[in-house]
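First comes the structure, then the notes that go with it.
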Amino acid sequence: MALQSEFHPDLSKIEPIVWKSLTKSQLIMIVQIIPAIAVIGVELFVIKGFMFYITAFLTGTLFVVPAFLKGTGRLEAAKANWFFNMKIQERYYSSGQIRKYTADEFIQKKEVKETDSFTN
């Protein structure tokens, strides 16, 4: 079993509701998604056939997905997860029997000097 710490977010940093049941970041997300919906609507009338699905998918991927991830707060969580896995690395601690040290283990031996080189 790995030891771990869990830190709860500060309640003062939780976004308040601005309008109806939406927070400020969710309103910004909606405003960012509206142009993408308009572009997909124009693509619907301009591009016909299978090419419409490809361009609509690319438009949605480029405009809707980042706005959705940022508006729901998942972008920050994904960045934190990526940072943890790439930079900090996962660490597992084992809690086993700890060896007891004796007092003479910390005394420097007479034949060892601080000026000795470590290479042969």
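Using the UniProt record's numbering, you'd call the opening residue of the sequence shown number 1 and step up by one each time.
Note that the Cβ used here is the ideal one computed from N, Cα and C, for glycine as well.
>> I'd like the ranges of any alpha helix (DSSP H) spanning at least 4 consecutive residues and lying wholly in the stretch 26-61.
In response: Complete alpha helix (DSSP H) runs here, min 4: 50-59.
> Is it right to say residue 122 is buried, meaning 16 or more other beta carbons lie within 10 angstroms of its own, or is it exposed?
Replying inline: Residue coverage of the chain in this structure runs from 1 to 120, which leaves residue 122 outside it and unanswerable.
> Between the C-alpha atoms of Ala103 and Lys87, what's the straight-line distance to the nearest angstrom?
Replying inline: 38 Å
> Touch check for the stretch 67-74 and the stretch 21-38: three-plus C-beta pairs under 8 Å?
Replying inline: yes
>> Contact between the stretch 4-22 and the stretch 47-55 is defined here as three or more beta-carbon pairs at a separation below 8 Å; is this criterion met?
In response: Cβ pair count under 8 Å is below three, so no.
> Quick one, are the C-beta atoms of Gly71 and Ser25 less than 8 Å apart?
Replying inline: yes
> Which runs of the alpha helix (DSSP H) fall wholly inside the stretch 66-92 and span at least 4 residues, in chain order?
Replying inline: 74-83
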